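Q: Per my numbering, the very first residue in the sequence shown carries number 17; after that it's consecutive. Ideal Cβ positions, reconstructed from N, Cα and C, are used throughout, including at glycine. As the structure is a prediction and not an experimental result, all values here were calculated from the model.
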Amino acid sequence: MKKQFIKIIFLTISYSLSFTLFADNHEKKYKHETIAEGLSFPWGVAFISNSEILVTEKTGKLRVIKDGVLLEKSVDGVPESLFKGQGGLEGIVLHPNFDNNKYVYLAFSETDASNKRLNTLRVIRGKLDGLSLNNVETVFKASPSRKTANHYGAKMAFLKDGTLLITSGDGFSYREEAQELDNHFGKVIRINDDGSIPNDNPFLSTPGAKPEIWSYGHRNQQGLVTNPEGTSVYEHEHGPRGGDELNIIEKGKNYGWAAITYGIDYSGALISPFKVKEGMEQPIKYWVPSIAPSGMTFYDGDLFPNWKGDLFISGLVPGDVRRIILKDNEVVQEEILFNQFGRIRNVVTAPDGSLVLATDSSKGKLIRVTPINK
Numbered sequence: 017m018k019k020q021f022i023k024i025i026f027l028t029i030s031y032s033l034s035f036t037l038f039a040d041n042h043e044k045k046y047k048h049e050t051i052a053e054g055l056s057f058p059w060g061v062a063f064i065s066n067s068e069i070l071v072t073e074k075t076g077k078l079r080v081i082k083d084g085v086l087l088e089k090s091v092d093g094v095p096e097s098l099f100k101g102q103g104g105l106e107g108i109v110l111h112p113n114f115d116n117n118k119y120v121y122l123a124f125s126e127t128d129a130s131n132k133r134l135n136t137l138r139v140i141r142g143k144l145d146g147l148s149l150n151n152v153e154t155v156f157k158a159s160p161s162r163k164t165a166n167h168y169g170a171k172m173a174f175l176k177d178g179t180l181l182i183t184s185g186d187g188f189s190y191r192e193e194a195q196e197l198d199n200h201f202g203k204v205i206r207i208n209d210d211g212s213i214p215n216d217n218p219f220l221s222t223p224g225a226k227p228e229i230w231s232y233g234h235r236n237q238q239g240l241v242t243n244p245e246g247t248s249v250y251e252h253e254h255g256p257r258g259g260d261e262l263n264i265i266e267k268g269k270n271y272g273w274a275a276i277t278y279g280i281d282y283s284g285a286l287i288s289p290f291k292v293k294e295g296m297e298q299p300i301k302y303w304v305p306s307i308a309p310s311g312m313t314f315y316d317g318d319l320f321p322n323w324k325g326d327l328f329i330s331g332l333v334p335g336d337v338r339r340i341i342l343k344d345n346e347v348v349q350e351e352i353l354f355n356q357f358g359r360i361r362n363v364v365t366a367p368d369g370s371l372v373l374a375t376d377s378s379k380g381k382l383i384r385v386t387p388i389n390k
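#1: Between which two residues does the alpha helix (DSSP H) holding ASP260 run?
#2: Between the stretch 220-230 and the stretch 280-292, do three or more beta carbon pairs fall short of 8 Å?
#3: For the beta strand (DSSP E) containing ASP128, list its first residue and its last residue.
#4: Determine, using beta carbons only, whether THR136 and PRO112 come nearer to each other than 9 Å.
#5: Can you tell me whether ARG384 is helix, strand or coil according to DSSP?
#6: Any chance you could list the beta strand (DSSP E) runs of at least 3 consecutive residues sitting entirely within the stretch 301-372, in chain order?
#7: Tell me whether the beta-carbon of TYR168 lies closer than 9 Å to the beta-carbon of GLN195.
#8: Alpha carbons only, please: which of ILE383, ASN236, GLU266 is nearest the one belonging to GLN356?
#9: Pairing CB atoms from the stretch 61-75 with CB atoms from the stretch 360-374, are three or more of them under 8 Å?
#10: Run through DSSP, which three-state label would ALA62 get?
#11: Please determine, among ILE280, LYS324, ALA285, GLY224, the residue with the shortest C-alpha to C-alpha distance to ASP198.
#12: Does DSSP put ASP376 in a helix, a strand or coil?
#13: Would you tell me roughly how many angstroms separate the C-alpha atoms of ASP186 and GLU192, rounded to the nearest one?
#14: Jot down the residue ranges of each uninterrupted alpha helix (DSSP H) in the stretch 94-175, minimum 4 residues, whole runs only, in chain order.
#15: So which of PHE188, ASN243, LYS163 has the shortest CA-CA distance to PHE174?
#16: On the CB-based measure, 16 or more other CB atoms within 10 Å of its CB, does LEU110 come out buried or exposed?
#17: So GLU106 and ALA170 are supposed to be a Cβ contact under 8 Å. How far apart are they, rounded?
#18: Could you have a look at GLU196 and say whether DSSP puts it in helix, strand or coil?
#19: Rounded to whole angstroms, how far is the Cβ of ILE360 from the Cβ of THR375, which I believe are closer than 8 Å?
#20: With a 10 Å radius around its C-beta and 16 neighbouring C-beta atoms as the bar for buried, classify ASP394 as buried or exposed.
#21: Return the first residue and the last residue of the beta strand (DSSP E) that ASN236 is part of.
#22: Counting beta carbon pairs with one atom in the stretch 305-316 and one in the stretch 244-261, are three or more of them shorter than 8 Å?
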């Protein structure tokens with residue numbers, strides 16, 4: 017317990033003393049090119065190649081950008097999603113062996129077939145053939161269903177061993193459930209690529225626990241990436257009013273929500289008097305006030321050599337990208353970039369090493385960022 021308090025004091029002091037560099041001269045350093053516009057709330061972005069991009073629209077369509085052109089026709093065969101509140105067609109990831117098996121994974125909210133007043137998070141995979149998604153099958157469905165249309169998580173990332181991590185949010189009104197193992201609220205899920213349960217998941221022998229659970233105690237996790245070596249998994253999640261977190265996800269760990277938090281309720285009321293508890297993990301960084309972190313990429317490209325090994329986190333509020341400089345998995349510096357585009361839903365690294373931003377709008381854009389000298 018003493019070590020935990022020392023750690024929290026260190027984190028608080030580090031946060032207070034850390035400085036943020038505003039890139040006042042970013043226009044001189046980078047050039048910005050709009051590669052697609054007219055997207056309806058773009059959410060997830062996946063590169064098939066540098067010239068072919070898949071984009072999920074929260075309103076329910078899977079769009080294709082090919083050779084710099086947003087195709088008018090969307091992909092057929094995508095299941096219907098529930099576009100309501102914070103729900104819709106959201107996360108996308110390609111199978112690590114996509115070149116051979118053509119599997120695309122999609123995460124979205126959908127109405128509960130047995131009770132139309134309820135909904136849930138569902139993840140499917142299908143084989144992409146041109147503008148058709150075929151052989152669609154469910155690989156995960158969150159349980160139980162919820163009444164709310166908020167806090168789905170819906171981000172995915174493959175691990176080096178071929179298993180798939182999925183973030184499943186706390187549903188907003190179910191925050192106490194994030195500490196319980198008999199449900200999928202506020203969890204990171206780990207499954208095999210076909211939806212089966214890996215035999216080394218941490219809670220397989222825990223009575224009543226959902227076997228898919230990899231970690232728990234989360235709120236609304238909209239960032240999930242691994243480093244190229246596959247040795248670290250980075251996750252960020254929205255706090256309530258303040259308390260957004262950047263975490264390193266490890267097997268079986270409890271990340272504290274809502275027993276501990278750096279945020280308060282939207283009403284101003286206290287959620288918990290605690291910021292630290294024994295047996296609960298601390299974030300490597302937190303934000304007060306909130307930045308509403310919405311996407312994340314681990315930069316391993318060559319266009320920006322000074323950025324190699326850094327995390328980039330898109331923020332909805334006030335609307336920018338945060339460059340997070342890491343050393344030994346600790347945050348040593350934060351820099352604000354690209355604060356001229358408004359709300360940014362996602363940031364991804366393209367195969368050519370450029371950064372691509374997705375703006376959060378009914379007339380959303382994809383914007384490519386490259387060095388001015390390239």
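A: Let me spell this out:
#1: Element bounds for ASP260: not the alpha helix (DSSP H) but the beta strand (DSSP E), 260-264.
#2: In short, these stretches do not touch, since the Cβ pair count stays below three.
#3: Secondary structure note for ASP128: its beta strand (DSSP E) is the uninterrupted segment 119-128.
#4: Cβ atoms of THR136 and PRO112: not closer than 9 Å.
#5: In this structure, DSSP gives ARG384 an extended state, which the three-state scheme calls strand.
#6: Correct list: 301-303, 309-314, 327-331, 336-343, 346-353, 360-365.
#7: No.
#8: Shortest Cα-Cα distance from GLN356 to any of ILE383, ASN236, GLU266 involves ILE383.
#9: Three or more pairs of CB atoms, one per stretch, sit closer than 8 Å, so the stretch 61-75 contacts the stretch 360-374.
#10: ALA62 falls in the strand class under three-state DSSP.
#11: The option with the nearest alpha carbon to ASP198 is GLY224.
#12: Assigned with DSSP and collapsed to three states, ASP376 falls in coil, not helix or strand.
#13: Approximately 8 Å between the Cα atoms of the pair.
#14: Here the runs fully enclosed are 114-117.
#15: With distances taken between Cα atoms, PHE174 lies closest to ASN243.
#16: Result: buried.
#17: Confirmed, about 4 Å.
#18: Coil, per DSSP.
#19: Contact between ILE360 and THR375 holds, with the beta-carbon distance rounding to 6 Å and staying under 8 Å.
#20: Because the chain spans 17 through 390 in this model, residue 394 falls outside it and cannot be assessed.
#21: Its beta strand (DSSP E) spans residues 236-242.
#22: With a cut-off of 8 Å, the stretch 305-316 and the stretch 244-261 count as touching, because enough Cβ pairs lie within range.
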